[in-house]
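Engineer: Before anything else, here's the structure in question.
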Amino acid sequence: MIRVLLVDDQPLIRSGFRALLDIEDDIEVVAEAADGGQAVALAREHLPDIALIDIQMPVVDGVEATRRIAADPTLAGVHVVILTNYGLDEYVFHALRAGAAGFLVKDIQPEDLLHAVRVAARGDALLAPSITRRLINRYVSQPLRTGSDAELEELTNREREAVALLARGLSNDQIADTMVISPMTAKTHINRAMTKLHARDRAQLVVLAYESGLVTPRTS
0 MIRVLLVDDQ PLIRSGFRAL LDIEDDIEVV AEAADGGQAV ALAREHLPDI ALIDIQMPVV
60 DGVEATRRIA ADPTLAGVHV VILTNYGLDE YVFHALRAGA AGFLVKDIQP EDLLHAVRVA
120 ARGDALLAPS ITRRLINRYV SQPLRTGSDA ELEELTNRER EAVALLARGL SNDQIADTMV
180 ISPMTAKTHI NRAMTKLHAR DRAQLVVLAY ESGLVTPRTS
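Each residue of the sequence shown is one higher than the one before, counting from 0 in numbering that gives the first Met the number 0.
Set out below in structure tokens:
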């Protein structure tokens, strides 16, 4: 059973998402919150698998809620998925850097929402190739993150290759096909890279790949 926390300051939005999710046999909405502060408290109380969090809310917004959840070791199993009306705006960019597993636009089709919840619950990133290209553009003019070279030295060549392919939006199966390895080995490379780079999940690993210079516009 996938346990979901819904966070949005608009009751109508929450009720609509809840009605859709609750009819699924493998998904359960365990709590609702109207702002980010409540979201963090309820996440600690219920330990959901997924927190669907609106990006713009009063009191505590979605970016700060994401940052607090990502920083709490007791909430390591909570995958934050940002809800937005605008696509990859500045708020979403900061939420991804804060530790969000991905984002969804609120006018998403019902079947796509259900698929996204299940994908995020598996620990996979909700970052399409179009989104990674926009992330690249954000990093082109930015300096490399301090200490990134030392962290990258911890990666093997195969781990670097797997991370670069992940940052292009490839799935485990596609990474495996490209590297001529098994999907399980591809997953192992990604998981080891996450551990070495202290990435909370795959979305943060993608961000770190661009931020560190491991992935550049030329290689993506």
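The beta carbon of each residue, even a glycine, is placed where N, CA and C say it ideally should be.
For the region 31-115, which segments carrying the beta strand (DSSP E) assignment without a break, of at least 3 residues, lie completely within its bounds, in sequence order?
Structural biologist: Qualifying beta strand (DSSP E) stretches, in chain order: 49-53, 78-83 and 101-104.
Engineer: State whether the region 4-11 contacts the region 88-101, with contact taken as three or more CB pairs (one from each stretch) at a distance under 8 Å.
Structural biologist: Judged by Cβ distances under 8 Å, the region 4-11 makes no contact with the region 88-101, as fewer than three pairs qualify.
Engineer: Three or more C-beta pairs closer than 8 Å, one from the region 158-167 and one from the region 192-210: is that the case here?
Structural biologist: The region 158-167 vs the region 192-210: in contact.
Engineer: Spatial neighbours of ILE107 within its chain, please: CB distance less than 8 Å, with the 5 preceding and 5 following residues excluded, ordered by chain position.
Structural biologist: Cβ neighbours of ILE107 beyond the five flanking positions: ALA115.
Engineer: Roughly how many whole angstroms lie between the Cα atoms of MET178 and GLY15?
Structural biologist: Cα-Cα distance, rounded: 42 Å.
Engineer: In the structure shown, what three-state DSSP assignment does LEU4 receive?
Structural biologist: Looking at LEU4 - three-state DSSP - the assignment turns out to be strand.
Engineer: Starting from THR194 and walking both ways along the alpha helix (DSSP H), at which residues does that stretch end?
Structural biologist: Looking at the DSSP string, the run of the alpha helix (DSSP H) that includes THR194 is 182-195.
Engineer: Is the region 72-81 touching the region 23-35 in the sense that three or more CB pairs, one from each, lie closer than 8 Å?
Structural biologist: The answer is no - the region 72-81 does not touch the region 23-35, with fewer than three Cβ pairs under 8 Å.
Engineer: Below 8 Å, how does it come out for the region 177-194 and the region 153-163: are there three or more Cβ pairs, yes or no?
Structural biologist: Touching, per the Cβ criterion.
Engineer: With burial defined as no fewer than 16 other Cβ atoms inside 10 Å of the residue's Cβ, what is the status of HIS197: buried or exposed?
Structural biologist: HIS197 is exposed by the Cβ-count criterion.
Engineer: Quick check: what's the CA-CA separation for PRO57 versus GLN9?
Structural biologist: Roughly 11 Å between the two C-alpha positions.
Engineer: Mind the definition here: the region 15-28 touches the region 61-75 only if three or more C-beta pairs lie below 8 Å; say whether that holds.
Structural biologist: No contact exists between the region 15-28 and the region 61-75.
Engineer: Just how far apart, CA to CA, sit ALA30 and ARG201?
Structural biologist: Looking at the two C-alpha atoms, the distance is approximately 25 Å.
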